[in-house]
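Heads up, the sequence shown is in our numbering, so the first residue is 347 and it goes up one at a time.
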Amino acid sequence: MQPDYPLYQSTAISASEQQKVMRNTWMMLGLTMVPTAIGALIGVETNLLFMAQHPILYTIGMLLVMYGLFTGIAMNRNNSMGVLLLLVATGLLGFMLGPILQVALHMSNGGQLIAMAAGGTGAILITLSTIAMVSKRDFSFLGQFLMVGLVMLILASIANLFFHVPAVSLVISAIAILLFSGYLLYDVSRIVTGGETNYVLATLSIYLDIYNIFVNLLSLLISLSGNDRR
Numbered sequence: 347m348q349p350d351y352p353l354y355q356s357t358a359i360s361a362s363e364q365q366k367v368m369r370n371t372w373m374m375l376g377l378t379m380v381p382t383a384i385g386a387l388i389g390v391e392t393n394l395l396f397m398a399q400h401p402i403l404y405t406i407g408m409l410l411v412m413y414g415l416f417t418g419i420a421m422n423r424n425n426s427m428g429v430l431l432l433l434v435a436t437g438l439l440g441f442m443l444g445p446i447l448q449v450a451l452h453m454s455n456g457g458q459l460i461a462m463a464a465g466g467t468g469a470i471l472i473t474l475s476t477i478a479m480v481s482k483r484d485f486s487f488l489g490q491f492l493m494v495g496l497v498m499l500i501l502a503s504i505a506n507l508f509f510h511v512p513a514v515s516l517v518i519s520a521i522a523i524l525l526f527s528g529y530l531l532y533d534v535s536r537i538v539t540g541g542e543t544n545y546v547l548a549t550l551s552i553y554l555d556i557y558n559i560f561v562n563l564l565s566l567l568i569s570l571s572g573n574d575r576r
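Below is the structure:
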């Protein structure tokens with residue numbers, strides 16, 4: 347999931363301002379983990395029967411809600427309301443982890459799978475962030491390729507909601523991990539090179555990259571796991 351409106355505002359800024367944006371982004375990213383964890387705990391304990399019975403309506407409804415929140419964050423990116431909306435959005439996204447966490451926790455090795463997905467996501471974050479910050483290369487050339495890939499991924503995911511082909515789900519998850527890893531490199535690079543000057547929008551972009559990598563990595567691990575359910 348990536349917001350499809352222009353998040354990025356290209357402005358020339360000094361090295362000290364770039365460092366400030368980066369520092370504030372990582373601090374805010376850490377803060378967003380709090381509402382995410384709370385939302386996930388609530389989601390795990392919630393009976394999501396409606397989602398199971400009407401997955402397409404649930405998906406469309408949540409996408410509309412998230413789009414509204416993303417728009418609100420973009421419009422209020424320079425004030426405290428933007429921060430508040432960001433925390434609300436990450437809390438809701440945490441809640442949306444409920445179904446996949448419920449599936450994992452009903453497996454005999456569910457806790458291990460969640461830990462592996464979280465560890466893998468953290469490793470990808472550290473590795474790609476380090477590459478972007480140390481190399482200081484401009485990876486903006488990836489933007490168009492990533493956008494095309496995102497559109498194709500969304501269309502494939504929507505189609506699979508109707509057909510429910512397990513093999514296609516595996517392929518979609520694998521491609522999504524690669525795609526959002528590319529977005530992660532792209533988004534961190536934009537901060538390093540001064541392409542993104544607002545830490546609220548930078549946090550939102552990197553958070554969505556991490557979120558999608560974790561969800562698809564966990565989905566892939568669940569699908570590949572041979573362990574029986576409890």
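Quick reminder that beta carbons are idealized off the backbone N, C-alpha and C, glycines included.
> Rounded C-beta distance between I419 and L431? I'm assuming under 8 angstroms.
Replying inline: Here residue 419 refers to the residue found at position 73 of the sequence shown. Here residue 431 refers to the residue found at position 85 of the sequence shown. Right, the Cβ-Cβ distance comes to about 5 angstroms (below 8 angstroms), so this counts as a contact.
>> Short of 7 angstroms in beta carbon distance, which residues of its chain neighbour G489, apart from the five on each side in sequence? Order them along the chain.
In response: Your numbering for residue 489 matches position 143 in the sequence shown. Closer than 7 angstroms at Cβ, skipping near neighbours: Y532.
> Residue range of the alpha helix (DSSP H) that R536 falls in?
Replying inline: Along the sequence shown, one-based indexing puts residue 536 at 190. For R536, the uninterrupted alpha helix (DSSP H) run begins and ends at 512 to 538, by DSSP.
> When the Cα atoms are used, what is the spatial distance from I472 to M479?
Replying inline: Start at 1 with the first residue of the sequence shown, and residue 472 comes out as number 126. Start at 1 with the first residue of the sequence shown, and residue 479 comes out as number 133. Going from the Cα of I472 to the Cα of M479 covers about 10 angstroms.
>> What does DSSP give as the partner residue(s) for M498 in the beta ladder?
In response: The count along the sequence shown starts at 1 and reaches residue 498 at position 152. Answer is none; M498 lacks a bridge partner.
>> Going by DSSP, what residue range makes up the alpha helix (DSSP H) through F485?
In response: Sequence index remark: in the sequence shown, residue 485 carries index 139 (1-based). It is not in any alpha helix (DSSP H) - F485 carries neither H nor E in the DSSP assignment.
> In chain order, which continuous runs of the alpha helix (DSSP H) of length 4 or greater are located wholly inside the stretch 388 to 423?
Replying inline: 395 to 399, 401 to 421
> Contact check, L459 vs L564 under 8 angstroms by CB: the rounded distance?
Replying inline: By 1-based counting over the sequence shown, the position of residue 459 is 113. By 1-based counting over the sequence shown, the position of residue 564 is 218. About 6 angstroms; that satisfies the 8 angstroms criterion.
>> Quick check on DSSP: helix, strand or coil for E542?
In response: Locating residue 542 in the sequence shown gives position 196, where the first residue counts as 1. Coil, per DSSP.
> Rounded to the nearest angstrom, how far is the Cβ of I526 from that of I477, given a contact under 8 angstroms?
Replying inline: Here residue 526 refers to the residue found at position 180 of the sequence shown. Here residue 477 refers to the residue found at position 131 of the sequence shown. In the sequence as presented, Ile is not what sits at residue 526; that position holds Phe. Not really, about 15 angstroms apart at Cβ, beyond 8 angstroms.
> Does the pairing of the stretch 511 to 531 with the stretch 490 to 497 give three or more beta-carbon distances under 8 angstroms?
Replying inline: yes
>> Counting beta carbon pairs with one atom in the stretch 544 to 562 and one in the stretch 503 to 510, are three or more of them shorter than 8 angstroms?
In response: no
>> Given this structure, state the Cα-to-Cα distance separating L547 from R423, to the nearest angstrom.
In response: The residue given as residue 547 occupies position 201 in the sequence shown. The residue given as residue 423 occupies position 77 in the sequence shown. The alpha-carbon atoms of L547 and R423 are separated by roughly 7 angstroms.
> Going by the CB atoms, is the gap between A450 and G456 shorter than 7 angstroms?
Replying inline: For this step, residue 456 is matched to residue 110 along the sequence shown. For this step, residue 450 is matched to residue 104 along the sequence shown. In contact: G456 and A450 (Cβ atoms closer than 7 angstroms).
> Just to confirm, are M373 and I537 a CB contact at a threshold of 7 angstroms?
Replying inline: Counting from 1 along the sequence shown, the entry for residue 373 is found at position 27. Counting from 1 along the sequence shown, the entry for residue 537 is found at position 191. Cβ atoms of M373 and I537: not closer than 7 angstroms.
> Is N558 helix, strand or coil by DSSP?
Replying inline: Translated into positions along the sequence shown, residue 558 becomes position 212. Helix, per DSSP.
>> So the candidates are S569, M427, G437, Y404; which of them puts its Cα closest to the Cα of L554?
In response: To locate residue 554, count along the sequence shown from 1; it is residue 208. Of the listed residues, the one whose Cα sits closest to L554 is G437.
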